[in-house]
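Student:
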Amino acid sequence: MADNLRQEIKKKGKSIFEIVTMASIIENEVKTEEDRKIVSDIFWGRISIGQPLQSCATLAYILGINKKQYSLEDTMVESPYNTYANKGLPPGPISNPGIKSIEAAIYPIKTNYNYFLSDPATGETVFSRTVEEHNANKDKHGL
């Protein structure tokens, strides 16, 4: 990892391990560079207020399968990697993230978004501020 990134990580009070772990989740959640930076902000924000990440990417890692929609039963599976059941980051990375995801974990874009989903038909990321907006987006996109 480049020295300038190491210095930025240190300035933010995080470890390289934390950044790589977060980046590995971001890598598997969304595809575009901008979306990764927004999701980074959402996830770091959840951690800062003690809220679980609730990452579908970690469920896919645990279960070994990607699903359009995970069930309530899926979200309750016992695993230290279950970010629905456990607060904070999982104990380690769930993949080998690329540099764009690592940069997103270091340099999130500050937004007012708290939720997101991926449209199963297009892969587009849909962001929302409130749980009501998020639930409406889930209905709209058949989730």
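Numbering (the numbering used here), first residue to last: 3 to 145.
Think of the CB as a built atom: it goes at the ideal place given N, C-alpha and C, for glycine as much as any other residue.
On a CA-only basis, which of Glu126, Asn116, Thr124 and Ala123 is nearest His136? Give me that one, please.
Tutor: Among Glu126, Asn116, Thr124 and Ala123, the Cα nearest to that of His136 belongs to Asn116.
Student: Check whether the Cβ atoms of Glu10 and Ile104 lie closer than 7 Å to each other.
Tutor: No, Cβ-Cβ distance for Glu10 and Ile104 is not below 7 Å.
Student: Judging by CA-CA distance, which residue of Gly94, Phe118 and Lys33 is the nearest neighbour of Ala106?
Tutor: For the residues Gly94, Phe118 and Lys33, the minimum Cα distance to Ala106 belongs to Lys33.
Student: Specify the secondary structure class of Leu119 as computed by DSSP and reduced to three states.
Tutor: Strand, per DSSP.
Student: Thinking just about the alpha-carbon of each residue, which of Ala4, Ser26 and Asn139 is nearest to the one in Leu91?
Tutor: Leu91 has its Cα closest to that of Ser26, out of Ala4, Ser26 and Asn139.
Student: Could you tell me the alpha carbon to alpha carbon distance between Lys112 and Ser81, rounded to whole angstroms?
Tutor: Whole-angstrom Cα-Cα distance: 30 Å.
Student: Would you list the one or two residues that DSSP bridges to Val128?
Tutor: Answer is Leu119, bridged to Val128.
Student: Decide if Ile44 is buried, meaning its Cβ has at least 16 other Cβ atoms within 10 Å, or exposed.
Tutor: By the 10 Å Cβ count, Ile44 comes out buried.
Student: May I ask you to report which of helix, strand or coil DSSP gives Thr60?
Tutor: DSSP places Thr60 in helix when its eight states are reduced to three.
Student: Can you have a look at Arg131 and say buried or exposed, based on whether 16 or more other CB atoms are within 10 angstroms of its CB?
Tutor: Exposed, by the Cβ-count rule.
Student: Between which two residues does the alpha helix (DSSP H) holding Ala106 run?
Tutor: Taken as a continuous stretch (DSSP letters only), the alpha helix (DSSP H) holding Ala106 covers Ile101 to Ile108.
Student: With DSSP run on the structure shown, which of helix, strand or coil describes Glu80?
Tutor: Note: Glu80 maps to coil in three-state DSSP.
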